[in-house]
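Undergrad: Below: one structure in structure tokens.
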Amino acid sequence: MPEPLPPSPPPTSSRGRYERFVAEQRGSPIAKPASREARDWTDDPADKHRRKPQRPVRALIAAGAKHLRGHWGKIAFALATLTVGTLVSLVIPLSTKFVFDYVILDTPGPSGLPEWLGLPRDRSSLLWLVGAAMVALAVVQALVQLTGRYQMTRLDKLVSSGMRRKVFAHLAQLPLHRVQAIKVGGVASILREDAGQLGEMLFSVIYNPWRAAITFAGGLTAMALIDWRLLVGGLMLGPVIWLTHRTWINRIRPVFKAARKTRASTDSHAAEVFGGIRVVRAFDRRRSETRRFTVGNDLMHRQEILAWWWSRIIDFGWAVFIPFASAAVLVYGGHRVMRGDLTIGDLAAFSTYLLMLLGPLEVLVSSASGLQNALAGFDRCLDILEEPTEQATLAAAGSTRETVARGAVAFEHVDFRYPGHERDVLADITFAAEPGQMIALVGASGSGKTTLCNLVARFYQPTRGRVLIDGRDAASLDLDAFRRGLGIVEQDVFLFDGTVAENIGFGRRGATLAQIRAAAEAANAAEFIDQLEHGYQTIIGERGVRLSGGQKQRLAIARALLADPAILILDEATSNLDSASEVLIQRSLATLMRGRTSFVIAHRLSTIRHADRILVLDRGRIVESGTHDELVRTGGKYFEMLQVQLHQVGDYAGRDGNAAPAGQPAPR
Ligand SMILES: Nc1ncnc2c1ncn2[C@@H]1O[C@H](COP(=O)(O)OP(=O)(O)OP(=O)(O)O)[C@@H](O)[C@H]1O
Ligand SMILES: [Mg+2]
36 MPEPLPPSPP PTSSRGRYER FVAEQRGSPI AKPASREARD WTDDPADKHR
86 RKPQRPVRAL IAAGAKHLRG HWGKIAFALA TLTVGTLVSL VIPLSTKFVF
136 DYVILDTPGP SGLPEWLGLP RDRSSLLWLV GAAMVALAVV QALVQLTGRY
186 QMTRLDKLVS SGMRRKVFAH LAQLPLHRVQ AIKVGGVASI LREDAGQLGE
236 MLFSVIYNPW RAAITFAGGL TAMALIDWRL LVGGLMLGPV IWLTHRTWIN
286 RIRPVFKAAR KTRASTDSHA AEVFGGIRVV RAFDRRRSET RRFTVGNDLM
336 HRQEILAWWW SRIIDFGWAV FIPFASAAVL VYGGHRVMRG DLTIGDLAAF
386 STYLLMLLGP LEVLVSSASG LQNALAGFDR CLDILEEPTE QATLAAAGST
436 RETVARGAVA FEHVDFRYPG HERDVLADIT FAAEPGQMIA LVGASGSGKT
486 TLCNLVARFY QPTRGRVLID GRDAASLDLD AFRRGLGIVE QDVFLFDGTV
536 AENIGFGRRG ATLAQIRAAA EAANAAEFID QLEHGYQTII GERGVRLSGG
586 QKQRLAIARA LLADPAILIL DEATSNLDSA SEVLIQRSLA TLMRGRTSFV
636 IAHRLSTIRH ADRILVLDRG RIVESGTHDE LVRTGGKYFE MLQVQLHQVG
686 DYAGRDGNAA PAGQPAPR
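Residues are numbered in the numbering used here as their position in the sequence shown, beginning at 1, plus a constant of 35.
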């Protein structure tokens, strides 16, 4: 069972953690966090070399482009409308020049207008005409740009939800220990916060830069036509901007990424606390958990503020630079006007163009911090998508997609340790289960029974040795196909928030209500389900909170039976039932196990007496193996366990004569 509430170490203050973070940032932009609290899925204990250096922007953008396949038509349309809209808006400053030079002043005045334009010579009519033209152009420009922007926003949502789907599907295929490392809350955080960032990138990588480029090209051309000397002065500032930008960009993304990481771990902590809210309440840990949450939250805020500062430094630079540039144009241009080299209309248009150019440039620069944030989120998604899936971690190529036909299971010298752990949990396990046999696993708590079943279910792969299914190496079988032939009732029953029928029906795609009912009957669950308020349509709450432990177990059994599996795993499947129900279920289970290979774990030894083979585990090794009678005759560990249990039972209800083996003293 996953620990519902991790022991809270005295949390260091968020300031302490933040200072350590800043120090790590200085040392290396991706230094490994040392603390348990700051740990998240990027730290894989099983693979210490997994963390790669930060991806370069170019690689991220190339990867993003791959995810845009099939959408380029829409993007081209959006960019085309943007181009038209921007070019139209570039015409507008010309009206300033027109009004100054041809209408208000006599440089050259209305008489300077060429004849073929057919414009009126009256100044007032000209003014009205220019005004009307400006409004018309602005409306056209706004409409055209709106169409393009709508396309782009729709695409943003489309791409983001596509990415979410991909990340979700991939997460669902990761090896179990990786999913456990990412944790429930972390998954939610990645899906909600990070996976949506690809859409953001559409704006910060394609849309905004394109707009800046068009405005720039158009504006520069217009300015060059007005006065090329002014233009050269302006262009000299370009490299300065570019250089400051580069140094800054490389610093800001690790900060954004770190803030996202802190958020994921804070989110997963919150999810965990509310998942285990009963324990939190029962042990009165509300305050300490709130404090732990606050510390994580504070750290995130401090990191976000650090990122904010980096963004503002650039903003500040612009806030100073724009007035400086405008002043320079005014002083220099003003002198040229006074000398008569330039008309007032020229100067006014030039200043307007300058502001027009600086505008998108500023947007570009400030959206660069947004871009870094988006890249950080996308980077995290790529990290996830690059992780090998459960199937991909299997070495053998050429997986066969056949389902389990007979259900023969054999272990050959299997050793196993959990990924990232030092200690072998199973050692040298060898046994063979013929199709249809019932194998019972007994042993002390922690001896490795559940782990052995995990290997049968192929939730994990052996560290050494082989597992054979129907005589073939399990590693060569397709996981999905294999699991279709598997039914499992776990020690820690998990149910979904949904109706009873949905939960049982989870065992088989497209199961009918009649089949669900039959499975419930077999699991001795039909009776209590019928007594529920809405029968099979009763909502059972998150993880089945509205059911008793025994009821949950019976639903889980029904779910496993509905799957009609060739291999059935029952891990303490009846441990929460009273004796009467257990006897009933045992009877139906006995019928149902016929023809299926079943692995049954039970602490109550009476339930596994009829097993074809009993494997006694002790600290990860099989110490005894045989039928009940054989093991009793040997008088070893199993017999000892049996005696202890019979003792307990005997104290209340007399003795079980069957258990007394020939030649052994009757247990008392
Ligand atoms: N996910 C895991 N990661 C690391 N170690 C684990 C994990 N699950 C179990 N273990 C360790 O493996 C050992 C065997 O655990 P397992 O769950 O197989 O015991 P068990 O025989 O089923 O016990 P019980 O009867 O209490 O259910 C234990 O020492 C446990 O600490
Ligand atoms: Mg167990």
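Backbone N, C-alpha and C fix where the C-beta goes; we use that ideal spot for every residue, glycine too.
Quantities reported herein were computed from a predicted structural model and do not represent experimental measurements.
1. Pull up the distance between the alpha-carbon of R298 and that of T121, whole angstroms please.
2. So I419 and I523 are supposed to be a Cβ contact under 8 Å. How far apart are they, rounded?
3. Could you check what DSSP says for R499 in three-state terms: helix, strand or coil?
4. I'd like the ranges of any alpha helix (DSSP H) spanning at least 4 consecutive residues and lying wholly in the segment 201 to 244.
5. Quick check: what's the CA-CA separation for N243 versus L406?
6. Using the C-alpha atoms, what's the distance from D653 back to H448?
7. Buried or exposed for P274, please, with buried defined as at least 16 other CB atoms from any protein chain shown within 10 angstroms of its CB.
8. Spatial neighbours of V290 within its chain, please: C-beta separation below 8 Å, excluding the five flanking residues on both sides.
9. Would the beta-carbon of T486 be found less than 7 Å away from any heavy atom of ligand 1?
10. Any idea if T250 is buried or exposed, counting beta-carbon neighbours within 10 angstroms, 16 or more meaning buried?
11. If you measure between the beta carbons of Q526 and T573, is that distance less than 8 Å?
12. Would L148 and L154 qualify as a contact pair, given that the criterion is a beta-carbon distance under 8 Å?
13. Could you check what DSSP says for T428 in three-state terms: helix, strand or coil?
14. At a cut-off of 7 Å, would you count Y571 as near ligand 1, judging by its Cβ distance to the nearest heavy atom?
15. Taking one C-beta from the segment 454 to 464 and one from the segment 650 to 665 each time, how about it: are there three or more such pairs within less than 8 Å?
16. Would you mind working out which of S583, G579, R629 sits nearest P600, comparing C-alpha positions?
17. Just confirm the distance between the C-beta atoms of L597 and I551, as a whole number of angstroms; I'd bet it's less than 8 Å.
18. Would you please state the rounded distance, in angstroms, between the beta carbons of C416 and V202? I believe it to be under 8 Å.
19. Report all residues from its chain with a CB closer than 7 Å to the CB of L490; omit the five preceding and five following residues, and keep chain order.
20. If you run the structure through DSSP and keep just helix, strand and coil, what is L420?
21. Less than 7 Å separating the Cβ of Q215 from some heavy atom of ligand 2?
22. DSSP three-state label for H638, please.
23. Let me know if E72 comes out buried or exposed under the rule of 16 or more other beta-carbons within 10 Å of its beta-carbon.
24. In its own chain, which residues sit with a C-beta less than 6 Å from the C-beta of S70, not counting the 5 before and 5 after it?
25. Taking contact to mean 3 or more Cβ pairs, one atom from each stretch, closer than 8 Å, check whether the segment 220 to 239 and the segment 254 to 262 are in contact.
26. Here's a check: name, in chain order, each residue in its chain whose Cβ is nearer than 6 Å to the Cβ of T378, leaving out the five neighbours to either side.
27. By a C-beta neighbour count over all protein chains shown, 10 Å radius and 16 as the cutoff for buried, is P210 buried or exposed?
28. With a cut-off of 8 Å on the beta carbons, I'd call S633 and I474 a contact; round off their distance for me.
29. Please name the residue or residues paired with I504 in a DSSP beta bridge.
30. Assuming I592 and A608 form a contact by the criterion Cβ under 8 Å, report the distance between their Cβ atoms to the nearest whole angstrom.
31. The alpha helix (DSSP H) with R347 in it runs from where to where?
32. With DSSP collapsed to three states, give me the class of V449.
33. On the three-state DSSP scale, how would you describe L567?
34. Is the number of C-beta pairs between the segment 659 to 667 and the segment 644 to 651 that are closer than 8 Å three or more?
35. Alpha helix (DSSP H) containing I620: first to last residue?
36. Check whether chain C comes within 8 Å of M187, counting only Cβ atoms and requiring the distance to be less than that.
TA: Inspection of the coordinates gives the following:
1. 39 Å
2. Not really, about 26 Å apart at Cβ, beyond 8 Å.
3. strand
4. 211 to 217, 219 to 224, 232 to 236
5. 11 Å
6. 16 Å
7. exposed
8. Q60, Q338, L341, A342, W345
9. yes
10. buried
11. no
12. yes
13. coil
14. no
15. yes
16. R629
17. 7 Å
18. 5 Å
19. V449, F451, P497, V502
20. helix
21. no
22. coil
23. Unreliable placement is indicated for E72, whose pLDDT of 39 sits below 50; no coordinate value is reported for it.
24. With a pLDDT of 39 at S70, under the threshold of 50, the modelled position of that residue is not reliable, and no figure is offered here.
25. no
26. D136, T142
27. buried
28. 7 Å
29. V444, R507
30. 6 Å
31. 321 to 374
32. strand
33. coil
34. yes
35. 614 to 628
36. Among the chains in the structure shown there is no chain C, since it carries only a single protein chain.
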